[in-house]
Structure formats: C-alpha cells, structure tokens
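For the sequence shown, this note's numbering gives the first residue as 1, with consecutive numbering after it.
Before any comments, here is the structure.
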Amino acid sequence: MKKIFLLFAMLLSVSTIFAQKTIENPKTGFSAAPYLSIKKIEITDSTTVISFEITQYSGFKFTIPKQTYIKDVANEEKIFIKSAEGISLKSGNVVPESGVLNYKLIFGKLDKKVSKIEYGEANDGGNWFIYDIALQDIPNPSGINKELEGNWFNAENGNWEIGFYDNNLVFKNQVWNYEKVALKKGNGSVNLTHENQKVTLFVKKGKEGNYFIGENPKSLIAFANKSQNEIAKLNSADIAYGLPIFKSDSATYSGYIKNYSPKTAVKTIAIHVDDIITGAQNTFVAKIKDNGFFSIKLPLYYPHEVWVRSPIFNGSVYLEPGKDVFQLFGDKRTIYMGESGRLNADLLKTQKIRRTDYECMMRTILDKNPEAYKVYCQNVANKKQEALESLRKSNAIEAKAYQIGKLEIEYNVIAQMMNYQRDKETAFRLKNKIPNNQREISLKKDTLTADYYQFLTDGIINNPLAVISTHSYQNVINRLQFLDLLSIGNISNSFLETADEIVKSGYSLTKEEQQLLIDFKDVETFQNRPAQKDFDKKYGKISVSFFAKHQKIIKEIRKDGIYNTSDLEAYLIKNNIPISKEEKEFLKAEKRLAKGTSPEQIKKNVSVYEELNSFYKKHQILLSQIYNDKRAAFRNKKLAELFNVKAGFATDIMKSQEICNKVVDQVTPLSEEELVREQQSIKTPFIADYIKKCNNETQAKIEANKSKTGYVLNETPKTEANKLFAEIMNKYKGKVVYVDFWATWCGPCRSGIERIKPLKEEMKEKDIVFVYLTNQSSPEKTYSAMIPDIKGEYYRLSTDDWNYLAEKFNVSGIPHYVLVGKNGEVINPKLGQHSNEDLKKILEKQM
C-alpha cells in the first residue's frame, strides 16, 4: 500500500511538472512603465505567476491596484490578481536602497492556446500597462538576427547612434522602416526607407559581440552594445558654456517610443518650457505618429531643462539653442542621440548627486535654528560638489554637464536656505498632521535678519550663466522677489495721489475724470468734518464688517442709489436676523450722524464712490504697473543696502517678469511710449529686445484673435443665486459639461487650458461642452483678448455670483473643475486634474 501511494505521488509530481510552462525574460511590446520588467512567467493548470523587477530610485513608492489583470490580446476577458509574493497588495510598497525590487504577482488560469497577453491596472489610478507579452519565442518580423537587436553605441565616442527593433530602426535622429534585410550569420546589408528617403546600412560581425556598421562598406564604424556610460569618452571639443548665454533660436526635440501601439490611447506628448525673462511656462504638444516617432521644434533662447509630461515618460530633457536631441522611450534605460545627446547622457550620471533629499531635509529642519540649518545645507552641498568633482576628474562627464551640475547644486542650496521659514512650517505640519487650511499653528516663527542672508552676494545673484542651472536660479530669483526684507508692502494712496501718479505716467485724464477729482475733493472735505472723523475712529472696524456681512440686503433696499440705515435695521428685525449689542450701538450712531446730512450730499457721496470704483477698475493694469515700478525701485535699493547686490542681470530678470506679466500673461501690450520707457530701465540688451518681441507678438495675437471663432461669450442668467448653476447648465442639456473655474491671471489655470487643447480638438465632434467661469478679478480687456484663443463657452460672473458658486462647489483655489452629466446633474463637484488620456476616459464614460 505504501509503495502504491509513493508511486501515485511521483506520478502527480511528474504531471504537475508537465502542466507547468516557464518563459524566461519574455519579449514584450510597448510598456508604459519602462523601469518595470518581466523576468519570468510560470503557467500551470490553475495559476499564472509573473515575476517582476522594478529598477527605480531608492524610496520610490508604488501600489498594486485591486483589479490588476492579465488578458489574452485576442479577447477582452480579464483575469484578475489573486495574491502577491515579495510585496503587499493592501498597502504601499517602497523600492529599497539598492534601487531594485523583485516580486511576484499571481493570477488565475490562462488558456493553453494563448500566445500573447497584456498586463494592466484597471482601477485606483493604476497606469502600468505592458502590451504584447509573448508566451513563446517569436522571431523578429524584419528578419534581423537576435544578436543584432537592441541599441548600438559608437565604440570610439560612446554615443548611441543605431537601434535595431522589431518593426523599425532608429538612425540619424529618424525612425526608418525595413525595406529589405539581407543578412547571413550577422553579415550583409539592411535597406531602409523614411518618407521619401532611402539608405542602406552595411553590417559586418566583429569579435566579442561587436559589429561594424556604416553606409559605406569600405569605411565601417565599430559599434558595441554596452551602455552609453560604460564606453563614453570625452569629446575633443570639451568646452563649457560662456557669455553671451542668450541667443534667439530654437531646439529640435524628437523621440521614438519603442514598440508603440496606438491602442495605448496616448497620442501626444506635452513639453513645458520655462521662460526666465517672462517668468512664464509655455506648453507645446508633439503628436505621436503611428510608428511611435515624434518631433517638435521649440523656441529656445538659452540652454536649459524642459519638462516632458506623458503617461509614457514623466521627466525632463536638456535642450540647447540651435541643436537637436533624440530620446528613446519604452526601454529599461533612457538613452539619447543627436547634438545634445551626450550632454543628456552625462546629466543622467549626475542625477542622483543633484537630486534633493526632501524627506531627509524635512526630518532635519525642525531640530535646527536658522544658523545651524545653513551649516547643514552647506555641508550637504559640499558633499554633492565633491561627488561631482570626482566624476569630472575621472573623465566620466564633459565640461557642460559638470558646469550645469555645479551651478545647480550651488543655487539649490541658496534657494533651500532662503526657504527656511516655509520649509520648517511644512515639516511641522507633516509631523503633526496639520492641514494647510488650518492657519494658526503652534510653531514659533524665527526672525530672519539681513545677517542670515549674507550668502546673497553680487557675484552669485548677478551671474548670467546661472540660467543654465536647470530651474535652480529661477527659484532663487523667485525667492528674492518675495523676500520680506525686500518687500515694500502695501502702498495705500489717497485717490488724489493715485490720480497724480497716473498723470505722471503719461496718461491724460478725461473730462469726466477731471470732474471726479473736483467732486472727490468736496466729498473728502465732508468726510473730514470732526463728527465724521470721530465716528470713523469709534466705529470704523465694525462698519466694514457689518456692511460686508449684509451687502446683499443693502443692494436690495437701496432707493435711488441711497442707502438708509433705518430701512436696513427694520429689514433685519422683520426677518429675525440677529443684531449684536455692538451693532445696535453702531446703527444708532450712524443714524445720529445722518441727521445732519442732506439727502443731496448722501446722493453725491454714493455717486462719487461708485465713480471711484469704476475709475480703479478702468486703470487696474496701469495701477498695477505703477505699484510694480515702486516695488522694483524699493527692492533694488534694499538689495544694494543690505547685501551690496547692484542693479544688474538679476534685477533685469525680476523687472522683465513684472513687465511681461502685463504684456504676455494679461495680453495687454505696451504703448510705444511705455515700451521705450520700460526698455530704458533694463541694462541687459537681449532682455530689453526680448520685451519688445513679446510686445509685438501680443499685438499680433490680439489682431489675429479678432477673426477667431469657436468661443461663445454668454450673459450670466439673471436668477436667484441657488438657481444660477442649474440655469447655466440648462443650455447644455444632452451634453457632458466640463466646467473650469479659472482667471486670466492664474498661471496653473492657463497651463491646464493649454494642456487639454489637443483633447478638445480630438473630441470636437462629441457631445461635450467646455464651460469657463471667471469673476471680476479677470480684467475685462485682458479677458476679451484672451478667450478667442480658447474654444468654449464663457461666463464672467459678478463677485456675488462667483462667491455663491465657490461656496457651492467648495472652490478653495483655482483651477477647479466640475463634471456635469447629460441630464444637467453634477457628477463630480471636484474633478481634479487628469492627464488627457484619463480625462478622455472619464468624459467618454459619461457619454
């Protein structure tokens, strides 16, 4: 009996072995997470086990959503995850210090006939997808032998120059199609086509896995498939950047998404380019071709890092004016070719050195006073500089990458020390789990004097070459602009002083405005009488809060433009609206004051103050410019007094950003006289010329917008506040509505609007409407000039209407998005920001 049982166990074991299929390092198609690789797939009669490896930075956090799945590419039936080994499915996971993490995911049974599967994450914001995972050995359809597949680096200089893939070949910054492959044992030729171009590559197998490849069979170049870093050698023209650093030009950014498949639904890549002279960030969109290639020419006037945003790649690339760079996506390692290819490869080597360890900083800052924190920051920076120096001495990086890294570390530490107050508060909130909307916290605020900021020297602040330091110098400039010690604060001018400053700026008052000056003087005399002054002294604060509290009621009961205290008091009593003891005293005092005032005088007072509001609204942008001029003069004076930093490059940058805020952001060009005056205030010729260029572009944009269509400016429905939103939505019944609360002055709002432009174009034939709501803080002139460039339905709400809707949807900041269904019902009152791909899915689901 015992022998029979043993035999049965052996047979069972053998049958289990035969039932299991193992695929090592399976070939895969497009991956949305190139740092995630499949090491092995084990298929049994009951389960499918996939072994994964993540190669990421230490501390990288990730979760595996509940409905992670695999499926046969030939049908839509998903097989969901059952369990995991090596990680948790219930909580988040962290990549260890080694930067590598291996784990297994266990799924249900796969049909034996399946030859290709797909891996994906179906919920909870999952975005890892791997397509066309082969469950059997599939030869390259082009006929390229397996040994030749992959990336090849010039053995002499280490540059990536050729990539052989399943369906395409990358060469000379282009993606080529295989026309004819004639290779025998690794030797022969490959004929390629790209649009109307043709090229033939001759291939000869070398020793130790190397190949000789070239367009001329008599002068082939040696290539190795080692990494760019392993064989990189210094360029003979190893020269750092010099002055002048600004140059009007453009850069070409191209790339290839390996194994790209249109079913990924990713059709575009967004590139965000910072503009240090305007202070703005401009968004450009590159369209991906069906073969996975994209290319875009970007205006660029100094070398710097730009941000690339896409589910395929979320990172940065360094661009140089007049040069090109080509990036490979979808591979485990990031590699580049082109004129700026070597620079980007070098910067990758310094990435870990340059990265700021914010978690360590947050843990450290709470235990340090300002001086001790400065010492800590400088020590960290010194270690980074030593590590960078070591790379340079070993010839691992060229001069430009070394220069960029050195400047970035230097300016990062300056920005970090300038951020002491803000970062300490953030660390305190994180440690004590205090939300940002809770203003009062028990953290004692340190007083930072000019002595703390002695690291701000003229040589550091006014260094034009600092602009190459990715975004670090821009951060320092931003901190300087808002440094308390350099802030002039709020300037409170009387109307007469304000009018005088407007006239001095070159503006001529109209006849109506000149009359307003006369009328104001009369009202001011009336307001300065002893009784009024005494009343303002005693009841000024309560008067402001009381009228703010009851402004809606006051609007309703005003007659002929005159407000009557007795009428308001009667209304409050009749409607059982409580009046405090302090408010009752205020109302009595106001009635006593009103007894000695004629109705004509009251009417005149009301009329003058209404005209004053119109005056300030009309001159809002000019007054802002006058304030900016005063603020800049004060800041320059304080920079010289406190830190011996002279007016120069940095102050020109700050000044130009303030000028361009009006010209570019607010779409309000300068007059010829204003432009000349502003240019004369700038010491750097390129910056002065650039402001003129921006001004000309804005004028051209306004002119072009006059003929644009696709936007509708609507009147806000006149209805009760609680019915306003429903009344607006009535117009769009039967369509899905994407509502955007925004403002012309809001950078993130405009960036979001720019980002979804390709999606709006893609879905223009669908039953979707984009509705834009703003308030009176968007200047009418700017608003009118800006909206023709943004397709959609527009409403410029009154302050009261905006406040009501802000309360209804809990709008604590903008941009704020609301999703409304076809029936007019709110589906999501706080939609949040999404990638175009995710937003498309959300909108289509409601259709």
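Where a beta carbon is used, it is the ideal one built from N, C-alpha and C, also for glycine.
Quiz item: Where Ala401 and Ser261 are concerned, what is the direct C-alpha to C-alpha distance, given to the nearest angstrom?
Solution: Here residue 401 refers to the residue found at position 401 when the sequence shown is read from its first residue. Here residue 261 refers to the residue found at position 261 when the sequence shown is read from its first residue. Taking the straight line from one Cα to the other gives about 34 Å.
Quiz item: When burial is assigned at 16 or more other CB atoms within 10 Å of the CB, is Ile862 buried or exposed?
Solution: Not covered by the structure: residue 862. The range shown for the chain is 1 to 847.
Quiz prompt | Residue of Phe770, Val664, Pro758 minimising C-alpha distance to Ile276 | solution = Counted from its first residue, the sequence shown places residue 276 at position 276. It is Val664.
Exercise. Compare the beta carbon distance of Ala270 and Arg309 with 8 Å and say whether it is the shorter of the two.
Key: Position 270 of the sequence shown, counting from 1, holds the residue named residue 270. Position 309 of the sequence shown, counting from 1, holds the residue named residue 309. Yes, the pair counts as a contact, with Cβ atoms nearer than the cut-off.
Self-check item: Candidates Lys537, Lys757, Lys549, of which the one nearest Ala589 by Cα
Solution: As a working note, residue 589 is residue 589 in the sequence shown. Closest option to Ala589, Cα to Cα, is Lys537.
Quiz item: Between Gly99 and Thr55, is the Cβ-Cβ spacing less than 8 Å?
Solution: By one-based count along the sequence shown, residue 99 stands at place 99. By one-based count along the sequence shown, residue 55 stands at place 55. Against a cut-off of 8 Å, the Cβ pair of Thr55 and Gly99 comes out as a contact.
Practice problem: Let me know the secondary structure DSSP gives Pro303 once reduced to three states. | Solution: The residue you call residue 303 lines up with position 303 of the sequence shown. Three-state result, Pro303: coil.
Quiz item: Glu371 CB to nearest chain D CB: under 8 Å?
Solution: In the displayed structure, chain D is absent; only one protein chain is listed.
Exercise. Going by CA-CA distance only, name the one from Pro815, Phe482, Ile81, Lys61 that's closest to Ala415.
Key: Taking the first residue of the sequence shown as 1, we reach residue 415 at position 415. With distances taken between Cα atoms, Ala415 lies closest to Phe482.
Quiz item: So, using beta-carbon positions, are Trp128 and Gly341 closer together than 8 Å?
Solution: Sequence index remark: in the sequence shown, residue 128 carries index 128 (1-based). Sequence index remark: in the sequence shown, residue 341 carries index 341 (1-based). No, the pair does not count as a contact, with Cβ atoms beyond the cut-off.
Practice problem: With a 10 Å radius around its C-beta and 16 neighbouring C-beta atoms as the bar for buried, classify Val273 as buried or exposed. | Solution: Residue numbering aside, residue 273 sits at position 273 when the sequence shown is read from its first letter. So Val273 counts as buried.
Exercise. Taking only the alpha-carbon atoms, compute the straight-line gap between Asn282 and Cys746 and give it to the nearest angstrom.
Key: By one-based count along the sequence shown, residue 282 stands at place 282. By one-based count along the sequence shown, residue 746 stands at place 746. Approximately 14 Å, taken between the alpha carbons.
Quiz item: Distance, Cα to Cα, Glu844 vs Lys552?
Solution: Sequence index remark: in the sequence shown, residue 844 carries index 844 (1-based). Sequence index remark: in the sequence shown, residue 552 carries index 552 (1-based). Answer to the nearest angstrom: the Cα atoms are 41 Å apart.
Practice problem: Figure out for me which residue from Asp446, Asp367, Val467 has the closest Cα to the Cα of Ile409. | Solution: Walking along the sequence shown from the start, residue 409 turns up at place 409. Residue Val467 is the option with its Cα nearest to Ile409.
Quiz item: Skipping 5 residues on each side, what residues in its chain have a beta carbon closer than 6 Å to that of Val14?
Solution: Counting from one through the sequence shown, the residue named residue 14 turns up at place 14. Because Val14 carries a pLDDT of 42, less than 50, the predicted location of this residue cannot be relied on, and no value is offered for it.
Quiz prompt | DSSP state of Ala134 mapped onto helix, strand, coil | solution = Taking the first residue of the sequence shown as 1, we reach residue 134 at position 134. Looking at Ala134 - three-state DSSP - the assignment turns out to be strand.
Practice problem: Within its chain, find whatever has a CB closer than 6 Å to the CB of Glu53; leave out the 5 residues flanking it on each side and keep chain order. | Solution: To locate residue 53, count along the sequence shown from 1; it is residue 53. Closer than 6 Å at the Cβ level, and outside the excluded window around Glu53, lie Ser37, Lys39, Asn102.
Quiz prompt | Pairwise C-alpha distance: Lys78 and Lys764 | solution = Here residue 764 is taken as the residue at index 764 of the sequence shown, counted from 1. Here residue 78 is taken as the residue at index 78 of the sequence shown, counted from 1. Computed Cα separation, rounded: 32 Å.
Quiz prompt | Distance cut-off 7 Å: Thr63 Cβ against heavy atoms of the ligand GDP | solution = In terms of ligand content, the structure shown is empty, and the ligand GDP therefore cannot be addressed.
Quiz prompt | The beta strand (DSSP E) enclosing Leu328, as first and last residue numbers | solution = Translated into positions along the sequence shown, residue 328 becomes position 328. Per DSSP, Leu328 belongs to the beta strand (DSSP E) from 324 to 329.
Self-check item: Own chain partners of Ala155 with C-beta closer than 7 Å, once the 5 adjacent residues on each side are dropped
Solution: Counting from one through the sequence shown, the residue named residue 155 turns up at place 155. Counting only Cβ-Cβ distances below 7 Å, and skipping sequence neighbours, we find Asn210, Ala222, Phe223, Ala224, Ile231.
Quiz item: Considering only residues of the same chain and omitting the five flanking positions on each side of Lys2, which have a CB-CB separation below 8 Å?
Solution: Taking the sequence shown and counting its residues from 1, the one referred to as residue 2 is at position 2. With a pLDDT of 49 at Lys2, under the threshold of 50, the modelled position of this residue cannot be trusted, and the question is left open.
Quiz item: Buried or exposed: Val380, going by 16 or more other Cβ atoms within 10 Å of its Cβ?
Solution: In the sequence shown, the residue the question calls residue 380 occupies position 380. Val380 should be labelled buried.
Practice problem: For the beta strand (DSSP E) holding Ala222, just list the boundary residues, first then last. | Solution: Residue 222 sits at position 222 when you count from the first residue of the sequence shown. From DSSP, the beta strand (DSSP E) with Ala222 extends over 221 to 224.
Practice problem: Quick one: grab the DSSP three-state call for Tyr57. | Solution: Counted from its first residue, the sequence shown places residue 57 at position 57. Here Tyr57 sits in coil by DSSP.
Quiz item: Would DSSP call Leu443 helix, strand or coil?
Solution: Translated into the one-based positions of the sequence shown, residue 443 becomes position 443. In this structure, Leu443 counts as coil in the three-state DSSP scheme.
Practice problem: Between the Cα of Lys109 and those of Ala396, Lys116, Gln385, Thr48, spot the shortest distance and give me the residue it belongs to. | Solution: Stepping through the sequence shown from its first residue, residue 109 is reached at position 109. Considering only alpha carbons, the answer is Thr48.
Quiz prompt | Inter-residue spacing [alpha-carbon to alpha-carbon] between Ala570 and Pro578 | solution = Here residue 570 is taken as the residue at index 570 of the sequence shown, counted from 1. Here residue 578 is taken as the residue at index 578 of the sequence shown, counted from 1. So the two alpha carbons sit approximately 12 Å from each other.
Quiz item: If we count Cβ pairs, one from each stretch, closer than 8 Å, do we get three or more for the stretch 701 to 715 versus the stretch 788 to 796?
Solution: yes
Quiz item: Do the CB positions of Pro26 and Ile144 come within less than 8 Å of each other?
Solution: One-based indexing of the sequence shown puts residue 26 at position 26. One-based indexing of the sequence shown puts residue 144 at position 144. No, these two residues do not count as a Cβ contact at 8 Å.
Quiz prompt | Beta-carbon proximity check, Phe741 vs Ile790, cutoff 8 Å | solution = Position 741 of the sequence shown holds residue 741. Position 790 of the sequence shown holds residue 790. Going by C-beta atoms, Phe741 is not nearer than 8 Å to Ile790.
Quiz item: Taking Ala345 as the reference, which of Lys383, Val523, Val175, Phe153 has the closest Cα?
Solution: Residue 345 sits at position 345 when you count from the first residue of the sequence shown. The shortest C-alpha separation from Ala345 is found at Phe153.
Exercise. Please check the pair Ile728 and Pro717, which I expect to be a contact at CB under 8 Å, by giving their CB distance rounded to whole angstroms.
Key: Taking the sequence shown and counting its residues from 1, one reaches residue 728 at position 728. Taking the sequence shown and counting its residues from 1, one reaches residue 717 at position 717. Going by Cβ atoms, the distance from Ile728 to Pro717 rounds to 6 Å, so yes, they are a contact pair.
Quiz prompt | Endpoints, beta strand (DSSP E) assigned at Tyr119 | solution = Translated into the one-based positions of the sequence shown, residue 119 becomes position 119. Tyr119 -> beta strand (DSSP E) spans 116 to 121.
Quiz item: Is DSSP giving Asn828 helix, strand or coil here?
Solution: Locating residue 828 in the sequence shown gives position 828, where the first residue counts as 1. Three-state result, Asn828: strand.
Self-check item: Span separating the alpha-carbon of Lys706 from that of Asn395
Solution: Working through the sequence shown from its first residue, we reach residue 706 at position 706. Working through the sequence shown from its first residue, we reach residue 395 at position 395. Using only the alpha carbons, I get a separation of about 57 Å.
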